[in-house]
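K.L.:
Input: one structure, supplied below.
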Amino acid sequence: MDTRIHGVDPVTFEILSHRLHQVTREMGITLERTGGTVNTTQQRDYMASLYRPDGDILSAGATLGQHVVCASYAVKRIIERFPPDEIFEDDVFLLNDPYLAAIHQSDIYVVSPIHHGGRLVAWSATFVHVNDVGALSPGGDSPDATEIFHEGLRVPGIKLVERGALRQDVFDTLTNMTRQPGMVGLDLKCEIAANNVAKARLREMYAHYGAELLDAVAGEMIRYTEAIFRERIASFEDGEWTEEMALEAQDTWRMKVTLRKREDRLVFDFTGTDPQAATGVNLPFHGTAGFCFAAVLTTLVHDLPKNHGVIRPLEVIAPEGTLVNVTYPGPVSLNTTSCGFSIGFLASSVLMQMLGTHEHWRDEIVTPNASHRNGKHSGVNQSGRYCVFNLAHGAMDGNGARAHADGIDSGGNYMNCPNAEWFELNFPVLYLFRRHATDSAGPGRYRGGLAVETAHTPHDAPEGRLGGVAYGVAGLRNSGHGMYGGYPGAPSVIVLRESTRVREVMNSDRNAVDLDEVGGTERVLPYCNFEFNDGDVLYMRVASGGGYGDPLTRQPDRVRADVMDGAVSEDAARDIYGVAFKPETREVDDAATEALRQRLGGGNGSSREQGGASDSVSRAQGPESGRIDGNKPTPCPRCGSAGASTGSGADGGVERRAFPPTEAGPLMGDLRGRYLLEKLYCSSCQALLKAHMVPVT
Amino acid sequence: MVGVDIGGTFTDCVAMDAGGTMTVGKALSTPDDYSVGALNAVRDAAGNLGLRDEDELLASARLFFHACTIGDNALLTGSGAVTGLITTKGFADTLRIMRGRFTDGVPESEIFHLSRLDKPAPMVPRPLIKEVDERVDYKGSVLVRLDPEQVARVVEELVADGAEAVAVSLIWSVANEGHEQAIAEVVGERHPEVFLSLSSEVAPYLGEYERTATTVFNACIGPRISAYIQRLGGRLREHGLAGEPLIMQSYGGVLGVDATARNAIGTIESGPSAGVTGSAWLGRLMDLPDILATDMGGTTFKVSVIRDGIIEKDYKPVLLRHQIYATKIWVESIGAGGGSIAWTDPKTGLLKVGPEGAGAQPGPACYGLGGVEPTVSDADLVLGYLNPDYFLGGRLSLDAERARRAIEEKVAQPLGLSVEAAAGGIYRIINAHMSDLIRRATVERGYDPRDFTLFAFGGAGPVHAARYAAELGIRQVVVPLTASVHSATGLVSSDVVYQYGKSDRMQVPADPERVNRAFDELVRRARADLAAAGFEGGVRIERSLDMRYRYQVHELNVVMPEGTEPLSEEELGGVYERFDDLYERTYGRGSGYREAGKEIMNFRLTATGVLDKPRIQSYPLSSASADAALKGRRKVFFEEFDAPRDTPVYDFDALRPGNEMGGPAIIETPVTTIVVNPADRAVMDAYRNIRLLVGA
């Protein structure tokens, strides 16, 4: 395909595409400034985009890529539902049905036609995650829901504004079905305001430049994004890469993806994924497609205009009736942060494996992250008002390590977490700490980003208690996965400690920062509702980034700096990174480090190997057979031995060894008995090729 | 009065006499000790006034105003004070966590490049962050008491590790400053030489991350600012100045030496703020209350908004990619200037301009300093707007051949365009980027740009201003006489301004007594500070509230009407309605939602001690004919015409007030070039400003 612009002079094209981008940016800012829920005003959990008259994406704005795709479905559903002569200028539509376009009901899509000279020339659409939709559990995420009817209001398409006039009856009906009408009212108003911004700006542009020119620019933008994207895909060798992932809570739900790269197309095939669940972790098809799109956005097309041209070379295969393509009336309310984030991980993981096969793109690798647990509370706050609030900690996830640098500590995912003080002002909780978790980052030549860990307790709650919901990516293999010998990051967990000594500790003039001292009975929470009473403490640790490359090859000075900063403990520095310090000066002891690394490296690690360790567990079983990553024999990066995976047996030239999970760090203790750290070494030179957690069989 | 502004290369001095006549002095800036360059600039102005030396000028100066970049330089080069931070146990990582998101201040084009993003480098190394046991809650109740002995141990550790400054930022110090004060006492007793920065004083606003970042920045530059202004004050006294220097603040206003040293963060970007202050002052003289002050330099284009004579403020600016709490003149900026590089995307055949710039070295290709990338200035030269032999009044000669070659190779050939058409494309694109930014600064805040007059500053500004103004329907562009020294001019037009504020959340309807009490405390501090600075009469106090709908985080600032001290319940009701109105004006009709409930978040107060200022000198208008100033003609390209036009070129210095020039025309001044487009007209006004009447 020709990647050059045709039919529009390049100067005018540049000017108008710049302006179109400004429109989606301004829409996003409007949402942020005028929204109600913390997701919109602080977390950037929103989306604002422009669409072509047929619902194809014209310009994807901030911020969440998956919703750009789903809102495109929303526009198309509105077009199907309403005949053209019933779509008027200045109408605004609302839709949140997961069986049509939304991912779950908390996602409210607001969609507006934009007319110029009596003709429909474009659509604008926004999404915000409203604070409550009248579902079983406050806040929407409902662990006990078993069908869609338990999960709150579901609108297949309705006019919220007709010819510029707000339909107050509709507005009141919607807010009336939620536990927080004031906040949800603001959420809806901000979406109307953002769509009005789009309308005003686009109309001005159409009036100034004319429909013919703008339509031509829009068409060319999409065409050239597609052309360049296809060219990039074609520059990779054809291949196939797979990844698996499981949610582990009351049940285990497995997902699998195979990425097939054929010429200038990418196929994400989820065949092999488990049937849909009776718990609301299931994704509708468009959600699955959306998360795949989002994974592509920050990798192969990060520098291109984001529009329908990104979608066209993609194909998503998701068998009906599975976790990734739920059939009616399966429940969905927990899905974005569970299967959704898992699919984001699966899609990123196979993309990263693919990038690893390309000389230019290899440097763009960021080790993939399977994301975190999160929580919500509800109840009466210190001002005597009923409220629901999202703890929004996922914005402080550690990012994955890169091919050339460490992952970003608490880098989040373009999202933002409110200050502890903001929570404490509005809601009856007290934070005990909010800090980087030592040893949470996946070790590696480049380590992952550190996760944030927090603990909070009810404070000034008039009823002495709050409600709670635990959700997110459940299971101990969430968080970041390492690549090329880098280790996984510590799991994300949410732990309830009941009846603790937190107040006694504080009354004795010490901050309650040591959970052992705080005590209480500990419970790792699956998907569930829970009671949060005075004296209880909720500990949360979000996701940590996975490492890149063998930790024994990390520069000792960087390990020392990490120890000084509290990012890595001295034990981990010694046992995982093989770095020894001189006792007096705390400088790196080069000779001792060299000796230690010799001892820990390659085949010499057998003393700690699982067979000889105290936990007696049978041999680990990896998901791959005879491959390191992907479909192709990966030559050993150290000795170049191509035999690394060309052998005829299952393990070829790779030696597999299993270790207790804590080999990857002290925070891996919870995995004991359920997972093993499997390391794959080159059988020729003993270079570490891969380190990953595999379930015990 | 005398104003001295220190810039990157030059230090400018403006001396204004009682009759309003301004005399300019210039000297090279002296980074080793900026006070040397400052005195040199004063000496130059004294010479231009026919005085014996700087002592004679300083001895006669009633007031001495100053804007410095000491703080900016210290932060940019990492040469600020070694700073330790004391914070609440459990929260040492607040600065590093940054609330997760870290892309403020990252160019939009980079934000999606996940593999290349990083957080800004830490301002305080982790080992210099110390935690103490203590905890206060949102009501200000003490939950964990502070132990002074533990504090003393921590302070000794910091000092032993070389800390010259200590920032203290505790959770909820905004509700109860007791623990921060107690730490201050310990530090003061043991190490009075250490510079102290307390979050409850520097940024008493809700939100521990932003408050800590502000407090740390303040600590980092405090010792440098403090040392510098004391040294400067001493030198000025030696050279005959009777009073103390008044130091420019980034919110537009000056403060004395002590007040500046306490709140060093206030000096960041204060030079440009002086320029905007000067624009507001000029606007008042010219009866133009609504101004867009634009500045197009070598690498950056900036715009600030003056509405009804009041400069728009920013209470949460971004500094070195950190969000901070400091009152600052609000500025929108993008990477667009004379040095912005034009390039083509080989895949798409699209022409792009910026955001990369050629910098001062090597600069645009036409400077002949080794630059090979085509820039906006190269395009301006090829189009005939710039005079190769009279750039910066002839101080630099431009190489048109190099400019042509760069554009030919990098833009025209790849796109299959003529060199002139390519240059025209570069010119149009950069203008569109700038008008998009002005749209952002106005339309997005509920303003109509057509209601404004545009002021064009910066070397490249007047070459482009009429175009980016026309795109927005703006009808008048002013190129002030003082454009080349506008920051120094702004200095002498400044008043003494103190800013106060505090977070104190109140649900609406609030108890009027509580509201008045919160204001009264700020008013008391303001009156004491103004009295100490020698103001009895001529004082203005403006109270305002940051308000929002419940649970929101972005506030709007609502000004209290005059004569409502104290506020009655009814007047307070009026304030709430003004919030609703302001909200709808800012975010669009129908965006407000009163049912959500409202709250007051921050109390703010601005206290102004008005300084007497002479009127700027004006001249009688002479005839309309500018013929006497015609210095030549040259071929110039305008987008309205296919072929270059033979265009008259006027000498600014020879123009007389009242002279008029129809477009197309070029006016060359010693510091810039003013392009008068074919549909526009230019007039020199009574103050010798050039006014461009767009489309008139």
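For the protein sequence lines, the chains are F and U, in the order given. Under our numbering, the first sequence has 29 at position 22, and the numbering climbs by one with no breaks. Under our numbering, the second sequence has 1342 at position 3, and the numbering climbs by one with no breaks. Yeah, the Cβ is synthetic: ideal placement off N, Cα and C, and Gly gets one too.
Taking only runs that begin and end inside the segment 1460-1503 of chain U, name each unbroken beta strand (DSSP E) of 3 or more residues, in chain order.
P.N.:
DSSP runs (the beta strand (DSSP E)) wholly in the segment 1460-1503 of chain U: 1468-1471 and 1481-1483.
K.L.:
Find out if the Cβ-Cβ distance for the pair residue 404/F, residue 376/F is shorter than 8 Å.
P.N.:
Numbered from 1 along the first sequence, position 397 holds the residue referred to as residue 404/F. Numbered from 1 along the first sequence, position 369 holds the residue referred to as residue 376/F. In contact: residue 404/F and residue 376/F (Cβ atoms closer than 8 Å).
K.L.:
Using a Cβ cut-off of 8 Å (strictly closer), state whether residue 1556/U contacts chain F.
P.N.:
Taking the second sequence and counting its residues from 1, the one referred to as residue 1556/U is at position 217. With 8 Å as the cut-off, residue 1556/U does not count as an interface residue toward chain F.
K.L.:
Check whether the Cβ of residue 1716/U lies closer than 8 Å to any Cβ atom in chain F.
P.N.:
Sequence index remark: in the second sequence, residue 1716/U carries index 377 (1-based). By this cut-off, residue 1716/U is not an interface position.
K.L.:
Report the neighbours of residue 424/F on chain U: residues whose CB is nearer than 9 Å to its CB, in chain order.
P.N.:
Position 417 of the first sequence, counted from the first residue, corresponds to residue 424/F. The answer, in chain order, is 1436, 1438, 1439 and 1440.
K.L.:
State buried or exposed for residue 1382/U, treating a residue as buried only when at least 16 other CB atoms are found within 10 Å of its CB.
P.N.:
Within the second sequence, numbered from 1, the residue matching residue 1382/U stands at position 43. It counts as buried.
K.L.:
Taking the DSSP output, what are the residues bridged to residue 1534/U?
P.N.:
In the second sequence, residue 1534/U corresponds to position 195, counting from 1. According to DSSP, residue 1534/U bridges with 1504/U.
K.L.:
In the DSSP assignment, the alpha helix (DSSP H) including residue 379/F goes from what residue to what residue?
P.N.:
Here residue 379/F corresponds to residue number 372 of the first sequence, with the count starting at 1. Segment: none, residue 379/F is in no alpha helix (DSSP H) and carries neither H nor E.
K.L.:
When the Cα atoms are used, what is the spatial distance from residue 1862/U to residue 677/F?
P.N.:
Stepping through the second sequence from its first residue, residue 1862/U is reached at position 523. Stepping through the first sequence from its first residue, residue 677/F is reached at position 670. Rounded to whole angstroms, residue 1862/U to residue 677/F spans 58 Å at the Cα level.
K.L.:
So with CB distances below 7 Å, who are the chain F contacts of residue 2062/U?
P.N.:
No answer is possible for residue 2062/U: the residues shown for chain U start at 1340 and end at 2035.
K.L.:
How big is the Cα-Cα spacing for residue 276/F and residue 267/F?
P.N.:
Translated into positions along the first sequence, residue 276/F becomes position 269. Translated into positions along the first sequence, residue 267/F becomes position 260. The alpha-carbon atoms of residue 276/F and residue 267/F are separated by roughly 8 Å.
K.L.:
What did DSSP end up calling residue 1528/U once you bin it into helix, strand or coil?
P.N.:
Taking the second sequence and counting its residues from 1, the one referred to as residue 1528/U is at position 189. Correct three-state label for residue 1528/U: helix.
K.L.:
Check residue 1565/U in the structure and name its three-state DSSP category.
P.N.:
Residue mapping note: residue 1565/U aligns to position 226 of the second sequence, counting from 1. Looking at residue 1565/U - three-state DSSP - the assignment turns out to be helix.
K.L.:
Am I right that residue 1592/U and residue 1836/U are in contact with their C-beta atoms under 8 Å? What's the rounded C-beta distance?
P.N.:
Position 253 of the second sequence, counted from the first residue, corresponds to residue 1592/U. Position 497 of the second sequence, counted from the first residue, corresponds to residue 1836/U. So it is a contact: roughly 2 Å between Cβ atoms.
K.L.:
I'd like to know whether the C-beta of residue 524/F is nearer than 8 Å to at least one C-beta of chain U.
P.N.:
Taking the first sequence and counting its residues from 1, one reaches residue 524/F at position 517. Not closer than 8 Å to any Cβ of chain U, the Cβ of residue 524/F fails to qualify, so no.
K.L.:
When you compare only the Cα positions, how much space is there between residue 708/F and residue 66/F?
P.N.:
Here chain F comprises residues numbered 8 to 704, so residue 708/F is not present and cannot be evaluated.
K.L.:
Excluding the 5 residues preceding and the 5 following residue 623/F in the sequence, name in chain order all residues of the same chain whose CB lies nearer than 7 Å to its CB.
P.N.:
Start at 1 with the first residue of the first sequence, and residue 623/F comes out as number 616. The predicted model places residue 623/F with a pLDDT of 32, which falls under 50 and marks its position as unreliable, so this point remains unresolved.
K.L.:
Measuring only the C-alpha atoms, how far is residue 1399/U from residue 1429/U?
P.N.:
What you label residue 1399/U is simply residue 60 of the second sequence in a count that begins at 1. What you label residue 1429/U is simply residue 90 of the second sequence in a count that begins at 1. Straight-line Cα distance between these residues: approximately 57 Å.
K.L.:
Leaving out the 5 sequence neighbours to the left and right, which residues in its chain are closer than 8 Å to residue 628/F when beta-carbon positions are compared?
P.N.:
Working through the first sequence from its first residue, we reach residue 628/F at position 621. Residue confidence is low: residue 628/F scores 36 on pLDDT, short of 50, so the model does not pin down where it sits. No coordinate-derived value is stated.
K.L.:
For the alpha helix (DSSP H) that contains residue 197/F, what are its first and last residues?
P.N.:
Within the first sequence, the letter at position 190 stands for residue 197/F. Per DSSP, residue 197/F belongs to the alpha helix (DSSP H) from 188-216.
K.L.:
Is residue 184/F helix, strand or coil by DSSP?
P.N.:
Start at 1 with the first residue of the first sequence, and residue 184/F comes out as number 177. Three-state DSSP puts residue 184/F in coil, outside helix and strand.
K.L.:
Check the Cβ of residue 1846/U against every Cβ in chain F and list those closer than 7 Å, keeping chain order.
P.N.:
Along the second sequence, read from residue 1 onward, the residue named residue 1846/U stands at position 507. Chain F residues near residue 1846/U: 390.
K.L.:
Is residue 500/F closer than 8 Å to residue 409/F when the C-beta atoms are compared?
P.N.:
Taking the first sequence and counting its residues from 1, the one referred to as residue 409/F is at position 402. Taking the first sequence and counting its residues from 1, the one referred to as residue 500/F is at position 493. Contact: no.
K.L.:
Is there a C-beta anywhere in chain F that falls below 8 Å from the one on residue 1891/U?
P.N.:
Taking the second sequence and counting its residues from 1, one reaches residue 1891/U at position 552. Chain F, which has a Cβ nearer than 8 Å to the Cβ of residue 1891/U, makes this yes.
K.L.:
Looking at C-alpha atoms only, which residue of 204/F, 171/F, 124/F and 110/F is the closest neighbour of residue 162/F?
P.N.:
Stepping through the first sequence from its first residue, residue 162/F is reached at position 155. Nearest option by C-alpha distance: 110/F.
K.L.:
Measuring only the C-alpha atoms, how far is residue 80/F from residue 171/F?
P.N.:
Within the first sequence, numbered from 1, the residue matching residue 80/F stands at position 73. Within the first sequence, numbered from 1, the residue matching residue 171/F stands at position 164. For residue 80/F and residue 171/F, the distance between alpha carbons rounds to 24 Å.
K.L.:
Between residue 1658/U and the rest of its own chain, which residues show a CB-CB distance below 7 Å, the 5 nearest in sequence each way excluded?
P.N.:
Translated into positions along the second sequence, residue 1658/U becomes position 319. If we look at residue 1658/U and ignore the five residues flanking it on each side, its Cβ neighbours are 1556 and 1607.
K.L.:
The beta strand (DSSP E) with residue 1352/U in it runs from where to where?
P.N.:
Counting from 1 along the second sequence, the entry for residue 1352/U is found at position 13. 1349-1355 is the extent of the beta strand (DSSP E) around residue 1352/U.
K.L.:
Check the DSSP bridge columns for residue 1323/U and list the partner residues they point to.
P.N.:
This structure cannot settle anything about residue 1323/U, because the visible part of chain U is limited to 1340 through 2035.
K.L.:
Report the CB separation of residue 131/F from residue 121/F in whole angstroms; it is logged as a contact under 8 Å.
P.N.:
Against the first sequence, residue 131/F aligns to sequence position 124. Against the first sequence, residue 121/F aligns to sequence position 114. That belief holds up - the Cβ atoms of residue 131/F and residue 121/F are roughly 6 Å apart, short of 8 Å.
K.L.:
Distance cutoff 8 Å, beta carbons only. Does residue 1511/U sit that close to anything in chain F?
P.N.:
Residue 1511/U sits at position 172 when you count from the first residue of the second sequence. Yes, contact with chain F.
K.L.:
Under a CB-based cut-off of 8 Å, is residue 443/F close to chain U?
P.N.:
In the first sequence, residue 443/F corresponds to position 436, counting from 1. So, interface residue.
K.L.:
Bridge partners of residue 547/F, per DSSP?
P.N.:
Sequence index remark: in the first sequence, residue 547/F carries index 540 (1-based). Partner(s): 461/F and 501/F.
K.L.:
Spell out whether any CB of chain U is found under 8 Å from the CB atom of residue 451/F.
P.N.:
Residue 451/F sits at position 444 when you count from the first residue of the first sequence. So, not an interface residue.
K.L.:
With 16 as the cutoff for other CB atoms within 10 Å, does residue 619/F come out buried or exposed?
P.N.:
Your numbering for residue 619/F matches position 612 in the first sequence. Note that residue 619/F has pLDDT 38, beneath the 50 cutoff, so the model's placement of it is unreliable and no number is given.
K.L.:
Contact criterion: CB-CB distance below 8 Å. Does residue 273/F meet it with respect to chain U?
P.N.:
Within the first sequence, numbered from 1, the residue matching residue 273/F stands at position 266. It does not: the Cβ of residue 273/F has no partner Cβ on chain U nearer than 8 Å.
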